[in-house]
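Enquirer: This is the structure, below, for whatever I ask next.
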Amino acid sequence: MPIPRKIAWLCLLLAGPASAQSLSLDQALSAAFAQNPELAAVGREIGIAEGERRQAGLMPNPELSWEVEDTRRNTSTTTVTLSQALELGGKRGARIEVAEAGQAVASLELERQRNGLRADVIQAFHAALRAQTALELAQQSQALTERGLRVVEGRVKAGQSSPVEATRAQVQLAQAQAAERRARSERSVAWQALARLTGSAETGFDHLDDASLSPGPAPRADVLLAKVEQTADWRLAAAQIARGEASVGSEKAKRIPDLTVSLGSQYSREDRERVNVVGLSMPLPLFDRNQGNVLAATRRADQARDLRNAVELRLRSDTRSALDQWATAMGEVQAYDRTILPSAQQAVDTATRGFEMGKFAFLDVLDAQRTLIEARGLYLDALASATDARAQVERIYGELSGAL
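Residue numbers (mature numbering (1 follows the signal peptide of the UniProt record, and there is no 0)): -20 to -1, 1 to 384.
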């Protein structure tokens, strides 16, 4: 029987470096949803809430009692009684309502956690992808400085350049080599962080596969803000209100005392006579009418309403801030893509060719190389800002494929 593709890939991911392969964002998300232990722990709340709902619907157990009066053998009286408490005031229904509200809260909390994990994986994946790209750029910069060093050494040997320029080129190469080692270390750290989110202690991949570093254009603010009440955070806050109101009803139901019905049989050895015993008992609510718990539950419900308003305010504010950051960063990314990076690369090529022909000094080549390296770093920073903003939006709204 063939193994499903997703399961086979997860096995390869967890197998470790021996089966290293490329990793895409979709694969990382699938692995995280299947293997992340924190998400699994939150998912256990569903079963916990189910157990509480089952318990809430159960009736009180009957009580069997045995009593002896006068322990002398010939004159003792024995009474056997079976008692059953009857819940009045709708206590059982109120408990069930509270438990069902708890089930809704657990389900929404799991959805919220999934959105958060999705955002974390997207953020970590793009951070690892940028680290991978940064290493590739550092290797390109190193190759660029090695080329410059060869050109300088050739000109020095030909007596066309000062040995000082060769020293500068060697310093530039040493700096590029250090930058390459640092980029390699940062890539390892970023890959390890991504692997942890997918539920693995080791990186079971050797390359990240993605079409683009860019998170794409930001969606319109009015489109997202119209969906605030559909987010998991808002619905979770509303479910907390429902649970609070159900708790108020449950506490109010407890003000009505329960009725206990007793049926039994009493046998007297002295009279050799058996009689039936019937009893009713009920607490008298003279002092404790559960008024304190009713007040506390009412205040908790009011608190849940305030928290829902706070959640809505936070969601709207965070949405606007993230979209502004996203749009601004994408403007920078486009500027680097269209103008800055091509111009910086052209400046390096022109300065290098000019130096080879003796038209420019080596300082011009160094300045052009530094400008290109700095521009590449700022380009990755802009991409990081845009990706972080998208992750924040997806943390709130979940997958954005329908909103973009």
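Don't be surprised by glycine CBs; every beta carbon is placed ideally from N, CA and C.
None of these values were measured; they are calculated from a predicted model.
Residue 137: buried (16+ other C-beta within 10 angstroms of its C-beta) or exposed?
Expert: exposed
Enquirer: Please determine if the segment 165 to 182 and the segment 284 to 292 are in contact, where contact requires at least 3 C-beta pairs separated by less than 8 Å.
Expert: no
Enquirer: Quick one, are the C-beta atoms of residue 366 and residue 199 less than 8 Å apart?
Expert: no
Enquirer: In or out: residue 125 buried (at least 16 other Cβ within 10 Å) or exposed?
Expert: buried
Enquirer: CA-CA distance, residue 439 and residue 356?
Expert: Missing from the structure shown is residue 439; the chain here goes from -20 to 384 and no further.
Enquirer: With a Cβ-Cβ cutoff of 8 Å, do residue 316 and residue 377 count as a contact?
Expert: Their beta carbons are not under 8 Å apart, which means residue 316 does not touch residue 377 by this criterion.
Enquirer: When you compare the CB positions of residue 177 and residue 12, do they come within less than 8 Å of one another, or not?
Expert: yes
Enquirer: Which stretch, first to last residue, makes up the beta strand (DSSP E) that contains residue 254?
Expert: 253 to 261
Enquirer: Is residue 206 helix, strand or coil by DSSP?
Expert: Residue state, collapsed to three classes: coil.
Enquirer: By alpha-carbon positions, which one of 57, 26, 32 ends up nearest to residue 93?
Expert: 26
Enquirer: Thinking C-beta only, is residue 248 closer than 8 Å to residue 60?
Expert: no
Enquirer: Is residue 385 helix, strand or coil when you go by DSSP?
Expert: Outside the shown range of the chain, which is -20 to 384, sits residue 385, and nothing can be said about it.
Enquirer: For the alpha helix (DSSP H) containing residue 224, list its first residue and its last residue.
Expert: 212 to 233
Enquirer: Measure from the alpha carbon of residue 254 to the alpha carbon of each residue in 19, 31, 58, then state which is nearest.
Expert: 58
Enquirer: Pop quiz: residue 340 and residue 132 are said to be a contact at Cβ under 8 Å. What is the actual Cβ separation, rounded to whole angstroms?
Expert: Incorrect: roughly 12 Å between the Cβ atoms, too far for contact.
Enquirer: Leaving aside the five residues before and after residue 141 along the sequence, list all residues of the same chain whose C-beta is less than 8 Å from its C-beta, in chain order.
Expert: So the qualifying residues of the chain are 132, 135, 342.
Enquirer: Quick test of the definition: if touching needs 3 or more C-beta pairs under 8 Å, does the segment 306 to 315 touch the segment 330 to 338?
Expert: no
Enquirer: Could you tell me if residue 55 is buried or exposed, where buried requires 16 or more neighbouring beta carbons within 10 angstroms of its beta carbon?
Expert: exposed
Enquirer: Give me whichever residues DSSP pairs with residue 49 in a beta bridge.
Expert: 57
Enquirer: Applying the 10 Å Cβ sphere with the 16-neighbour rule, what's the burial state of residue 206?
Expert: exposed
Enquirer: Does the contact criterion of 3 or more C-beta pairs under 8 Å hold for the segment 16 to 36 versus the segment 74 to 86?
Expert: yes
Enquirer: Grouping DSSP H, G and I as helix and E and B as strand, with all else coil, what is residue -9?
Expert: For residue -9, the predicted model reports a pLDDT of 40, less than 50, meaning its position is unreliable and no value from the coordinates is stated.
Enquirer: By Cβ distance below 7 Å, which residues in the same chain neighbour residue 300 in space, the five residues on each side in sequence not counted?
Expert: 201
Enquirer: Could you give the first and the last residue of the continuous beta strand (DSSP E) run that contains residue 1?
Expert: 1 to 4
Enquirer: Determine the direct distance from the alpha carbon of residue 349 to that of residue 152, and round the result to whole angstroms.
Expert: 10 Å
Enquirer: From residue 462 to residue 53, what distance separates their C-alpha atoms?
Expert: Residue coverage of the chain in this structure runs from -20 to 384, which leaves residue 462 outside it and unanswerable.
Enquirer: Please state whether the Cβ-Cβ distance between residue 122 and residue 150 is less than 8 Å.
Expert: no
Enquirer: Report the rounded CA-to-CA distance for residue 302 versus residue 374, giving the unit in angstroms.
Expert: 10 Å
Enquirer: Given 7 Å as the limit, tell me if residue 250 has its C-beta closer than that to any heavy atom belonging to the ligand ADP.
Expert: Of the ligands one can find in the structure shown there are none, so the ligand ADP has no counterpart to examine.
Enquirer: Please classify residue 105: is it buried, with 16 or more other beta-carbons within 10 angstroms of its beta-carbon, or exposed?
Expert: buried
Enquirer: Per DSSP, residue 43 is paired with what?
Expert: 63
Enquirer: Please go through the same chain and pick out, in chain order, the residues whose beta-carbon is closer than 6 Å to the beta-carbon of residue 225, but skip the five residues on each side of it.
Expert: 281
Enquirer: Please classify residue 258: is it buried, with 16 or more other beta-carbons within 10 angstroms of its beta-carbon, or exposed?
Expert: exposed
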